[in-house]
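Sequences listed follow chains A and B, in order. Per my numbering, the first sequence runs over residues 10 to 512. Per my numbering, the second sequence runs over residues 545 to 936. First comes the structure, then the notes that go with it.
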Amino acid sequence: MRYSAIIVSVQLLLCASASARDRSELLQYSHPLFTLQYGQNQTVSTLSTLPFAVAGEATVAFDYAEDKTQLSYEGDKQTRYGFHTNGFSAANNKSIMRGSASYHRDSRQNTKWSNVVDVPMLYPYLVADSIGGTYHSETYQLSGGWATKHKSFTFGADLHYQGSVHYRKSDPRPRNTVSEFTIRPSVLFEHGTLGFAADFGYTSYKQDVRIKVEESGRTDLFYQTLGMGLYDHAFSRKANTFSSYYNGHVADARLQLIDLRNHQYGASLTFEHTNMANEQDGGVRIPYFTRNNTFAVNGFYLFKLGKGISLAVNPSFALAQRSGYERIYEQLKPEGSDITTWRELSVGKKHTMSSYHGSLSALLSIARGHSNYWVQLHAASSGTKETYLHPRYTRNFDALQSGVKTGLLHRIHNNWLRFEMEAAYTIRNSNLEAIASEDVLLSSMVQGNHQILSADYFRLGANASFAHPAGNFMLQYKAAAAVIKAQQQQATPAVTGSISFIF
Amino acid sequence: MKKSTFLALLITLFFSACSNDKDEAQFTTLKVQINLPDNYSWADKADFSVEATGTSSNATTKATTEADGTASLLLSDGLYHISIKGEKSHQVEGIDQSVVFQYANQNVAVSGKEQTLIATLEAAPLSKSWVIKEIYFSGSKTPSNGNYWQDQYIELYNNTDQVLYADGLCISESEHTTINPATAWTDLLPSQVAAGTIYGIPGNGTDYPVQPGQSIVLASNGSNHKALNPNSPVDLSKAHFEWYDEHALDVDVPEVPNLIKHYSYSLSVWILHNRGYRSYFIFKPDTDMPTFLEKNKVKTTNAAGKVVYRYGIPADLILDGVELSQHNALSQKALPAAIDAGYSYCDNANSGLVVRRKVLRTEGDRTILQDTNNSKEDFLPNQVPSPFVIPQ
């Protein structure tokens, strides 16, 4: 599910939104406290709870990051540039509108063991080759929403579409065409100082994977994976073409509690169910499918400690359970016929993966004159257990992260300066128990990822932004830099830059 | 809508989604009961090895039969290749004689809590005759990237300590393609094998002696292919025989004697399947060829209603056979398990590679090749061709 697109859009709005009177005033919402208070899971129905009624932004951004802490599917070097624009208006007492659009281009270098994108969503049934390479992609996104008010109720709906194409320019050459469409009806009920919000989302997800080898006479080995290092011998083959198709359906429901008067507390409860099928032979066979259930709870409470001093506490917890099912087919070929048909013989659960993620953060904020300071302590714990039935295979992964952020937001007339530093250390532990021979387990795929997941890493970063009036707009420049140092790896850099027009 | 309504809906959604997870992973107890063929009542049923290899996982689960011929394997749902093998010895007129009993069944569907498989094994004396040493079916590529099949060959080997005569020996290609499911032709198994081609070595019985530990090469075309196609790995100008089809696509090399073409399904030329979808076997007919063909003619009616004829070669006349298929894609065997319980392969068509029989041991100057009637164990896939070369 793609809450993230909406959340990110609204967070950006929060960072940059402006009232008609004084757009400069709205830069105060780039303080992390306001992001916590207002930036949680907004839909078009809840935009009226924001402290401003109209906002808009257009941004061009560039990112470059080297990261050797990610699984090999993702590569270790990413370049991204593009633009996005979004805005909303709740100025009309009766209705609210929002919209966003974006386009960006990516390249991910040194990807390995995956010829699909959105691996976390499709896992464990991936298509992989052992060659890997640089993935290029282009992504378009368009979303909009409209809501209307009736007494204490606000009814609305968000629509979101994202299309992307991903490809490699050297053999073997996958070309992945991905489309996602989401519809999200939502409702807000205001009762005194309390707001109760609910939204229900449905997403249709499709990924068409077509791989070809252009070099004459060359064939490559394509694996149909069943988990990290496991693959299906019946479907894996050496060939100069390979194709696969993923068809997914995601349904989710969420409840929110909003403190309409002071935004001193808030909570949300989310349930999401995903059904992802991996189809072969144009949908004649569906040899693999997964079902994924996620349950998440999130909340915050703001303690007022004195004039201009507050402490916000933000706990969150999520549980996920994924089951992978495999169907067995019998091949039938009527005598004298060239047409092969398939008959389903059985279906069974072969793969399970359960995971949790919990986090707690405490944000101390101090306002003095035209300056705001903050210190945020953050701790998170996550764990994953993956099991394949036969051959018996169990993988455990745990991570514990702790970090600190400190920053300053300072106003000089109508100009805003923001600076933040962060440091985080992540301890990771990966454990693999496999009763499987080399014939069964692709050890080179396992070992590479196992080493990555076993390495602790340290991240040190800083970001700064400056915004000033420019005619009817605010013009904001942002820059960020970080260094990531993983065990037994050289430190790698990451830099980001962007320019935004806030209107 | 009230808060309680939302909560009720959420709880309903959560439990309805979780209810799908009730279908827990299934393990099946596969109970195997072996039966030995008639006339082998002297052999006991204990200690036969039973192997089930998952077509998806490639993981093998093993068991050994008890005295009553039963064995149990705990398997997860899926398709399995089941193979059973045992070697038993007894004395016939004071001389030790060994017999290998084998069973092979591909793509056996295993599901449910318990399943029984009754396996009737086939018996085959350990080889003391001709064996197929090498099959070069993949062919090579021309410099212009065309398929070059003219350099294909099959090499036969005298695996005994006595002189054997090649006269009358026939080479055949299976009618069945092993990546496909069973057809009317495989219904002939295990007593007969449907042949798509039959080519025989000429001679009157003693014209073509082959010494112990020596081989003969049957070529598609007896030429130096290295000179004709720089990508070809073989010189077959010293081939002992070639199979020649009177067709514009074929060339008759006068220096190399031709095999006798008894039958071929092909209306043009016989080309070994370059992906290895067909299997190959050698046999000696038990009577003159016209009579042999007449009495072993079999027919079936295809989907179009047309009657199709082939020849069902009696399995007890087959001296050796090699099952071929695409790696991990074998659907239905073309040969009885007693002749070949496994299969071999080359990964790619036109790769210029062969399947070659392993060396078992040497006795003096003579090399004895391994022949357990299981090409998965006896053959090496993807080997560089070595016609005329006797391995040590």
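Where is the CB? At the ideal position from N, CA and C, for every residue including glycine.
Positions of the alpha helix (DSSP H) runs, each at least 4 residues long and wholly inside the segment 751–807 of chain B, are given as 769–772 in order along the chain. Here the segment 50–57 of chain A lies against the segment 194–208 of chain A, with 3 or more beta-carbon pairs under 8 Å apart.
For L623(B), the chain A residues whose C-beta falls within less than 7 Å of its own C-beta are I337, listed in chain order. Here the segment 411–422 of chain A makes contact with the segment 383–396 of chain A; the two share three or more CB pairs at distances below 8 Å. Listed along the chain, the chain B residues whose CB falls inside 8 Å of the CB of D241(A) are S600, S601. Along the segment 645–657 of chain B, the positions whose C-beta sits under 9 Å from a C-beta of chain A are N651, A653, V654, S655, G656, read in chain order.
Judged by DSSP secondary structure, T186(A) falls within the beta strand (DSSP E) whose first and last residues are 182–200.
Residue ranges of uninterrupted beta strand (DSSP E) with 3 or more members, entirely inside the segment 840–886 of chain B and ordered along the chain, are 841–845, 851–858, 862–866. Between I745(B) and L713(B), the C-beta spacing is below 8 Å.
When the Cα atoms are used, V293(A) and W351(A) turn out to be separated by approximately 8 Å. With fewer than 16 other CB atoms across the displayed protein chains lying within 10 angstroms of its CB, F312(A) is exposed. Annotation: the continuous beta strand (DSSP E) that includes Y255(A) extends over 250–268. When C-beta distances to chain B are compared with 8 Å, the residues of the segment 218–233 of chain A below that value are S225, G226, T228, in chain order. For L35(A), the secondary structure class from DSSP, reduced to helix, strand or coil, is helix. N703(B) places its beta carbon less than 8 Å from that of L913(B). The DSSP-derived three-state label of D705(B) is coil.
Secondary structure note for D915(B): it is in no beta strand (DSSP E), with a DSSP letter that is neither H nor E. An exposed status is given to V851(B), since fewer than 16 other beta-carbon atoms sit within 10 Å of its beta-carbon.
Contacts with chain B at 8 Å (Cβ-Cβ) do not include K160(A).
Taking a beta-carbon distance threshold of 8 Å, Q51(A) does not count as an interface residue toward chain B. Going by DSSP, T44(A) is part of the alpha helix (DSSP H) stretching over 41–47. Going by C-alpha positions, Y434(A) is about 14 Å away from S463(A).
A Cβ-Cβ contact shorter than 8 Å links G865(B) with D884(B).
Secondary structure of S601(B) (DSSP, three-state): coil.
Non-local beta-carbon contacts of V594(B) in its own chain, meaning distances under 6 Å to residues more than five positions away in sequence, involve V576, A607, A615, I628 in chain order. For L811(B), the secondary structure class from DSSP, reduced to helix, strand or coil, is coil. Taken residue by residue, none of the segment 130–146 of chain A has a beta-carbon sitting less than 7 Å from a beta-carbon on chain B. Bridge pairing for D167(A): G154(A), R193(A) [DSSP]. Within chain A, the residues placing a beta-carbon under 7 Å from that of P725(B) are Q340, L341, K342, ordered along the chain. According to DSSP, residue pairing for Y214(A) in a beta bridge involves E189(A), G257(A). Residue ranges of uninterrupted beta strand (DSSP E) with 3 or more members, entirely inside the segment 712–749 of chain B and ordered along the chain, are 714–718, 736–744. In chain order, H242, A243, S245, R246 make up the part of chain A whose C-beta sits under 8 Å from the C-beta of N872(B).
For S123(A), the closest of V69(A), A100(A), F251(A) by C-alpha to C-alpha distance is F251(A). Closest in alpha carbon position to T906(B), among V761(B), D695(B), I934(B), A882(B), is I934(B).
If you draw a straight line from the Cα of G257(A) to the Cα of A859(B), it is about 52 Å long.
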